[in-house]
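Only one structure is covered here, and it is reproduced in the block below.
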Ligand SMILES: [Zn+2]
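This is the structure:
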């Protein structure tokens with residue numbers, strides 16, 4: 001028997017991943033070179049083919065799913081997803097790695113080719129390098145090493161690359177979850193390799209509530225505003241009430257969720273846009289404004305809320321404030337319209353995927369894992385709410401601060417170490433020494 005076979009499985013998995021370092025880099029570069037920009041949602045089929053072809057050669061069964069009729073789906077920009085599954089030799093649980101394959105716009109300020117996959121100083125550069133093609137590459141190589149070294153494993157390994165996370169995930173994970181792909185009867189553990197850092201486990205995210213508020217007025221000649229009613233002044237009263245009552249109340253609420261950065265451990269609200277009165281002049285329109293009292297003013301609010309609050313509380317707090325103005329301010333009237341809602345999601349600290357990955361982080365990194373929660377939402381919301389699967393975390397290489405920025409990069413050492421953590425987690429859940437067996 002060769003020496004290697006006698007070494008503990010964890011050591012052999014780690015050594016094999018280290019040996020495939022160049023392969024992780026090459027795959028990351030290939031993924032970056034497919035410019036899956038969203039919007040509009042281009043080259044989705046190409047990236048699904050890249051992932052599917054590679055994993056088919058490793059004995060995975062491949063399914064391509066187009067999210068027909070999902071927002072943004074068209075024949076020009078079809079919303080393609082790919083799901084790869086490799087069955088083990090014995091019955092057991094299914095571990096699923098889910099990565100989104102879309103990337104956000106390039107933006108200004110780059111000194112590297114955003115779709116070149118340039119390698120320098122131990123990093124791979126490009127749009128989507130950390131968010132999240134580096135994480136996708138790490139999970140693919142981790143799964144390949146695991147099935148190569150443990151061909152007799154139990155259960156199944158799945159890898160998906162899904163569309164549109166950057167625009168809400170409706171053509172990706174939400175679509176698949178609605179069709180049972182994340183049913184707890186078929187998938188038991190989910191890891192989303194978002195760039196949360198190689199030694200941190202992200203348990204979930206805050207909730208979000210988006211709404212449009214409109215104040216009403218009455219149009220009149222601008223020289224005699226007293227004959228009309230100014231909707232912008234009414235909105236001024238709304239904003240004033242926000243400053244006086246709402247913002248201090250939200251800042252005083254603290255969550256037990258381990259949200260990072262620290263500032264997001266309170267409730268927050270962004271006023272996304274404001275518009276009142278005449279429309280902005282179009283390009284080339286040099287005419288002066290006509291003199292009118294605005295009869296409408298609208299704002300869009302983006303309210304992020306804590307696991308200790310509810311959708312109803314959040315809405316009621318705003319409605320109460322508006323009703324207060326209606327009672328006290330002459331001629332004040334408003335309309336409120338919900339645009340979108342995402343409930344908060346928090347996986348239990350003792351859930352099996354959490355304890356398994358935490359243990360693997362300690363083995364690879366020689367330090368305890370840090371537990372965090374995300375200020376914004378990601379695809380866990382759909383796996384939790386639609387799929388009803390609670391055993392889900394985000395864990396992957398890269399720094400969240402680099403996401404969506406110019407000269408985005410992923411560290412090669414980080415990808416290798418994250419892949420080791422992922423392979424060790426697979427071994428713990430599906431390998432010969434798996435938990436349920438002893
Ligand atoms: Zn992402």
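In the UniProt record's numbering, the protein residues as written are 1 to 438. Think of the CB as a built atom: it goes at the ideal place given N, C-alpha and C, for glycine as much as any other residue.
Check	Outcome
Would DSSP call residue 496 helix, strand or coil?	This structure cannot speak to residue 496, because the chain is shown only from 1 to 438.
Could you pull the DSSP bridge partners for residue 211 from this structure?	301, 338
Looking at residue 165 and ligand 1, is the gap between the Cβ and the nearest heavy atom below 7 Å?	yes
How about residue 96 and residue 158: do their beta carbons lie closer than 8 Å?	yes
Quick one: residues in its chain with C-beta nearer than 6 Å to the C-beta of residue 300, no 5 flanking neighbours on either side, listed in chain order?	212, 272, 273
Residue 438 by DSSP, collapsed to three states: which one?	Low local confidence applies: a pLDDT of 41 at residue 438 is under 50, so the model's placement there is unreliable, with the coordinate-based value given in what follows. If DSSP states are grouped into helix, strand and coil, residue 438 belongs with coil.
Just reading off the beta strand (DSSP E) that residue 97 is part of, what are its end residues?	90–100
According to DSSP, simplified to helix, strand and coil, what is residue 233?	helix
So does residue 43 have its beta carbon nearer than 7 Å to some heavy atom of ligand 2?	Summarising the ligand content, the structure contains ligand 1 and does not contain ligand 2.
With DSSP as the reference, identify every bridge partner of residue 160, one or two as the case may be.	83, 98
For residue 160, count neighbouring Cβ atoms within 10 angstroms of its own Cβ and tell me buried if that reaches 16, exposed if not.	buried
So, residue 244 versus residue 267, is the Cβ gap smaller than 8 Å?	no
Here's the rule I'm using: 16 or more other beta-carbon atoms within 10 Å means buried, otherwise exposed. How should residue 224 be labelled?	exposed
Check residue 205 in the structure and name its three-state DSSP category.	strand
At which residues does the alpha helix (DSSP H) containing residue 21 begin and terminate?	21–32
Determine the closest residue to residue 9 out of 50, 145, 98, with distance taken between C-alpha atoms.	145
Just reading off the alpha helix (DSSP H) that residue 309 is part of, what are its end residues?	Counting along the chain, residue 309 falls outside any alpha helix (DSSP H), and DSSP gives it neither H nor E.
Restricting to Cα atoms, I'd like to know which of 297, 192, 357, 269 is closest to residue 233.	297
With 16 as the cutoff for other CB atoms within 10 Å, does residue 74 come out buried or exposed?	exposed
Go ahead and label residue 1 buried or exposed: buried means 16 or more other beta carbons lie within 10 angstroms of its beta carbon, across all protein chains shown.	Only weak support is given to the placement of residue 1: the predicted model assigns it a pLDDT of 47, under 50, and the value that follows is read from those uncertain coordinates. Classification of residue 1: exposed, given that the 10 Å Cβ count is below 16.
Exposed or buried, what is residue 308 when buried is set at 16 or more other beta-carbons lying within 10 Å of its beta-carbon?	exposed
So residue 260 packs on residue 124, CB below 8 Å; how close in whole Å?	Not quite, the Cβ-Cβ distance comes to about 24 Å (not below 8 Å), so this is no contact.
Which residue marks the beginning of the alpha helix (DSSP H) containing residue 412, and which one marks its end?	412–430
Name the one or two DSSP bridge partners that residue 269 has.	303
Kindly indicate the opening and closing residues of the alpha helix (DSSP H) around residue 253.	It is not in any alpha helix (DSSP H) - residue 253 carries neither H nor E in the DSSP assignment.
Might you give, ordered along the chain, the residues of its own chain that have their beta carbon closer than 7 Å to the beta carbon of residue 222, omitting 5 neighbours on each side?	291, 292, 293
Can we count residue 101 as close to ligand 1, meaning its CB is less than 7 Å from some heavy atom?	no
Looking at the structure shown, is residue 37 part of a helix, part of a strand, or coil, going by DSSP?	strand
Below 8 Å, can you find three or more Cβ-Cβ pairs linking the stretch 347–366 to the stretch 313–323?	no
Just curious, the alpha helix (DSSP H) that residue 54 is in, first and last residue?	44–56
Just the C-alpha distance for residue 16 and residue 189, rounded to the nearest angstrom, thanks.	24 Å
Measuring alpha carbon to alpha carbon, tell me which of 136, 92, 149, 198 ends up nearest residue 413.	198
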